[in-house]
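S.K.: Can you keep this structure in mind? I'll have questions shortly.
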Amino acid sequence: MTAVVYNTTACTLGEGPLWHPERQQLFWFDILGKRLLTVEDGAERVWQFDECVSAAGWVDHETLLMASQTGLWRFDLVTGERSLICPLEADNPVTRSNDGRADPWGGFWIGTMGFEAEPGAGAIYRYYRGELRMLVPNVTISNAICFAPDRSCAYYADTVVGKIMRQPLAADDGWPEGEAQVHIDLSGEDFGVDGAVVDASGNLWNAQWGIGCVACYSPEGTLLETVAVPTPQASCPAFGGTDLSTLYITTAAEGVNAAPAGQTFSASTSAVGQREHQVIL
């Protein structure tokens with residue numbers, strides 16, 4: 115299976131694709147370009163910011179929870195205004211936000227990393243009911259944050275380590291319960307473990323940086339299939355479309371000069387994605 119171009123705008127570092135289930139609309143970020151992008155009524159729409167932005171969850175029809183290098187923000191899609199919900203390493207000029215996703219309880223997980231991928235400079239956090247709590251310290255490149263459809267666990271990875279971790283979660287409130295274990299060990303491969311999403315059957319779809327691929331793994335960690343992306347730096351997948359069977363994939367143009375690097379892609383799959391969880395503020 116090979117992905118095709120969905121949007122031709124080249125992102126320096128495309129990331130954080132989000133299918134808004136109420137709006138039936140895809141949003142995605144160019145982290146280093148400091149912008150949020152979408153296609154609305156057939157035309158591209160772009161919001162430009164003065165700092166890096168990287169990931170979001172949907173709050174309601176008009177509102178996103180948006181992660182930036184200094185905080186988590188309530189963002190109004192109609193007015194373009196944002197208001198700070200809580201700081202995120204705002205006093206640390208070394209780091210920025212990276213991968214993030216809403217969880218089944220209405221919380222929001224967000225990872226940070228150094229601008230230059232400084233070793234251990236980042237962490238993974240969860241925002242839930244007004245509290246931002248660090249979950250995983252000493253992360254170099256936070257990635258692959260996603261959740262099993264049965265609410266049993268979260269997945270995450272540090273790209274430089276190359277292992278997708280499985281973290282059991284408490285059934286009542288979704289906080290981590292017990293120790294994380296290695297779910298898929300890709301540490302010996304010649305690519306980077308990047309963003310990931312889990313479909314409604316529990317299969318994990320992982321963007322693999324450096325080889326132009328999104329790989330699908332069973333709930334047991336067995337490789338099932340791959341989606342080829344015609345540019346090497348695939349960064350993050352998300353399911354969307356009216357039946358949630360379209361896989362959208364962001365990529366990065368940084369260090370790769372030739373098109374279609376940095377463009378956003380889509381692929382029709384036989385899978386069905388999970389409806390993105392609503393963030394409860």
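Counting the sequence shown from 1 gives a position; this note's numbering is that position plus 114. Yeah, the Cβ is synthetic: ideal placement off N, Cα and C, and Gly gets one too.
(1) In whole angstroms, what separates the C-alpha of S182 from that of A385?
(2) Decide if S382 is buried, meaning its Cβ has at least 16 other Cβ atoms within 10 Å, or exposed.
(3) Do V393 and G171 have their C-beta atoms within less than 8 Å of each other?
(4) Would you say V343 and M115 are within 8 Å of each other, going by their C-beta atoms?
(5) Report the residue from T193, F229, S315 whose alpha carbon sits nearest the alpha carbon of T184.
(6) Does the beta-carbon of G355, which I'm using as the reference point, lie nearer than 7 Å to any heavy atom of the ligand MG?
(7) For the structure I just gave you, are there three or more beta carbon pairs, one from the stretch 190-207 and one from the stretch 358-370, closer than 8 Å?
(8) If you count every other CB in all the chains shown that lies within 10 Å of the CB of T345, and 16 or more means buried, which is it?
(9) For A235, I'd like the list of residues in its chain whose CB is within less than 6 Å of its CB, leaving aside the five on either flank, ordered along the chain.
(10) From this set, E291, A231, A271, G324, which residue's C-alpha is nearest D299's C-alpha?
(11) Quickly, what does DSSP pair L186 with across the bridge? List them, please.
(12) Hey, out of G309, Q138, E291, whose CA is closest to K277's CA?
(13) Could you please give the first and the last residue of the uninterrupted beta strand (DSSP E) stretch that includes W161?
(14) Note the first and the last residue of the continuous beta strand (DSSP E) segment covering M248.
(15) Please classify C166: is it buried, with 16 or more other beta-carbons within 10 angstroms of its beta-carbon, or exposed?
(16) Considering only C-alpha positions, which residue in the set W187, W319, G214, A124 is nearest to H391?
M.R.: Checking against the coordinates, here is how it stands:
(1) 31 Å
(2) exposed
(3) yes
(4) no
(5) F229
(6) Among the components of this structure there are no ligands whatsoever, and the ligand MG is therefore not found.
(7) no
(8) buried
(9) V208, T209, G228
(10) A271
(11) A181, C200
(12) G309
(13) 157-162
(14) 245-253
(15) buried
(16) G214
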